[in-house]
Amino acid sequence: MKRFGPLAVFIALVLALSWRLAHPSGTAVYSQLVDRPVPALTLPDAAPGQPPITAAAFATGKPQLVNLFGSWCVPCIAEAPQLKHLQSEGVRIIGIAVRDRPEAVAAFLGENGNPYASIGLDRGSDAQVALGSSGVPETFVVDGRGVIRRQFIGGIDEGALPEVRRALAEAAR
Amino acid sequence: MKHFLLVLALIAAPALADTDLPQSRWANEQLPDAHQEAAAQALMGTLRCLVCQGQSIADSDADLAGSMRAMVRTRIAAGQKPDAIRAWLVSRYGNWVSFVPPVEPLTWPLWAAPLALLLAGLWLARHRFRRRG
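Going line by line, the protein sequences match chains A and B. Going by our numbering, 29 is the number at position 29 of the first sequence; the sequence numbering is gapless. Count along the second sequence from 1, add 1000, and you get the number used in our numbering.
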C-alpha cells in the first residue's frame, strides 16, 4: 500500500491539472467600484464647443449607462445597434471614448449611429483606469445617485439586452 | 500566388485593431531623476498588466500597460509614494493587479506552502535516513 502513495499523489495532480485545463478560470477583471460612487472625473467633451463632462453628469436622479468605447474598437461596432435600441427606449447613455480623437469619434458615430447623450474624451486612459475598467467595450450601470451598480465587460449583444434592462430596473429602485 | 497573398496581407486590417493615438510621453520615456525612475521601475515590475495578464506593466506592449506606466511615472514625479499608487490601483482592480499578494486569510495557504513543503521534505528525508541507519 505504501508503495502506491506517490502514484496516488501523481494521479491526483494529473487529475487536478487536467480539470483546470478543461475548465479554465475566467480572464475578466471586474472593477472594485461596483456599489461605489463614480469617481470624480472631468473629461473634455468629444464634440467641439461643449462643456466638459464632470462627476455631476453621473448623478441625474435616473439610472443611466456609462459606455466605454473607441472609434478604433471593432466589437464596439457590433455593440452599436443594441445601444441605439436602448436609447430609443429612453435610456440615457454617456459615452467615454478611450484613447481617441474627436474627428475619429465623429466619423465612427456617422457610420454607426450616435446613441450617446454626451461623450467624454479619455485620451490617456486615465478615466478608464479610474473606473477600474480593463478594456473596451465595457458598460457600467449607474443609478440616480451616481453609484455604479453593475459592470458589463465586453460588447452588449442582443442576448445581453434583457440583462441590461433588468440591471437598469434594479438601479431605479 | 505569392503576390496574390502579399496583396491580401496588405489590404487585410487587423481584426481587433488598437488605437492609432500615440502613447503618452511617460509610457516609454524614463524620468530625468534616476532615483524616481528606479522607484517607478520597481513599482511597474510588480503591477500586473490587465491585457497581457501574465506580464507586468513594465514588460507589456499593450496600450493600457503604456498608459499605466505613464500614470506611475507621473505620480512618482509628483511625489506620491509607490505604496500609495499600488493601493490606489488595488482599489480599482482588486489585489489581482498587484504581483505582491497581501497576507490575509485567503492567502495564508500561499504563504504557508513553502514552510509546509520544507517540513514535509524534512519528514520524508528523516524517514529515509532512519531506514538506512
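Beta carbons are placed, not taken as given, at the ideal position from N, Cα and C, and that holds for glycine. Given the structure is predicted, the values throughout are model-derived calculations rather than measurements.
To the nearest angstrom, report how far apart residue i and residue j are at their CA atoms.
i	j	result
LEU1003 (chain B)	LEU68 (chain A)	What sits at residue 1003 (chain B) in the sequence shown is His, not Leu. Roughly 40 Å between the two C-alpha positions.
ALA1125 (chain B)	LEU1119 (chain B)	10 Å
SER1056 (chain B)	VAL29 (chain A)	15 Å
GLN1036 (chain B)	SER1060 (chain B)	21 Å
THR1074 (chain B)	LEU1115 (chain B)	40 Å
GLU1029 (chain B)	ALA169 (chain A)	47 Å
GLY49 (chain A)	LEU1106 (chain B)	51 Å
ILE11 (chain A)	SER18 (chain A)	10 Å
PRO162 (chain A)	GLY1121 (chain B)	55 Å
ALA1039 (chain B)	PRO1082 (chain B)	7 Å
PHE4 (chain A)	LEU21 (chain A)	26 Å
THR1046 (chain B)	GLY110 (chain A)	42 Å
ARG1025 (chain B)	MET1068 (chain B)	12 Å
ALA171 (chain A)	GLN64 (chain A)	9 Å
ARG150 (chain A)	ASP1033 (chain B)	42 Å
VAL14 (chain A)	PRO6 (chain A)	12 Å
PRO51 (chain A)	PRO102 (chain A)	14 Å
VAL9 (chain A)	GLY1054 (chain B)	28 Å
ILE1076 (chain B)	ALA1087 (chain B)	14 Å
ALA1084 (chain B)	PRO1109 (chain B)	26 Å
VAL147 (chain A)	VAL164 (chain A)	16 Å
Does the beta-carbon of residue i have 16 or more other beta-carbons within 10 angstroms, so that it is buried, or is it exposed?
i	result
ARG176 (chain A)	Nothing can be reported for residue 176 (chain A), as the shown portion of chain A is limited to 1 through 173.
GLY155 (chain A)	buried
PRO24 (chain A)	exposed
TRP949 (chain B)	Residue 949 (chain B) lies beyond the range of chain B shown here (1001 to 1133); nothing can be said about it.
PHE140 (chain A)	buried
THR1019 (chain B)	buried
ASP143 (chain A)	buried
PRO1014 (chain B)	Only weak support is given to the placement of PRO1014 (chain B): the predicted model assigns it a pLDDT of 46, under 50, and the value that follows is read from those uncertain coordinates. Exposed.
ALA167 (chain A)	buried
PRO1134 (chain B)	There is no way to answer for residue 1134 (chain B), as the model of chain B reaches only from 1001 to 1133.
When the distance is taken between beta carbons, is residue j closer than 8 Å to residue i?
i	j	result
THR42 (chain A)	THR54 (chain A)	yes
VAL129 (chain A)	MET1044 (chain B)	no
LYS84 (chain A)	PRO115 (chain A)	yes
ARG1048 (chain B)	PHE1099 (chain B)	yes
PRO119 (chain A)	ALA56 (chain A)	In the sequence as displayed, the identity of residue 119 (chain A) is Ile instead of Pro. Against a cut-off of 8 Å, the Cβ pair of ALA56 (chain A) and ILE119 (chain A) comes out as no contact.
SER71 (chain A)	VAL105 (chain A)	yes
LEU1064 (chain B)	SER31 (chain A)	no
ILE96 (chain A)	ASP122 (chain A)	yes
ALA160 (chain A)	ASN112 (chain A)	no
Considering only DSSP beta bridges, list what residue i is partnered with.
i	result
ASP122 (chain A)	A:VAL98
ILE153 (chain A)	A:GLU138
ASP45 (chain A)	A:GLY120
THR54 (chain A)	A:THR42
LEU1047 (chain B)	B:SER1098
ALA148 (chain A)	Correcting the residue identity first, residue 148 (chain A) is Ile in this sequence and not Ala. Answer by DSSP bridge pairing, in chain order: A:VAL142.
PRO37 (chain A)	A:VAL147
SER1056 (chain B)	B:ARG1048
Tell me the residue span of the beta strand (DSSP E) that contains residue i.
i	result
LEU13 (chain A)	That residue, LEU13 (chain A), is in no beta strand (DSSP E); its alpha helix (DSSP H) goes 5–22.
LEU168 (chain A)	Segment 161–172 is the alpha helix (DSSP H) holding LEU168 (chain A); no beta strand (DSSP E) there.
LEU65 (chain A)	64–69
Starting from residue i, follow the alpha helix (DSSP H) in both directions and report where the run begins and ends.
i	result
THR1074 (chain B)	1063–1077
PRO81 (chain A)	74–88
ILE1085 (chain B)	1082–1093
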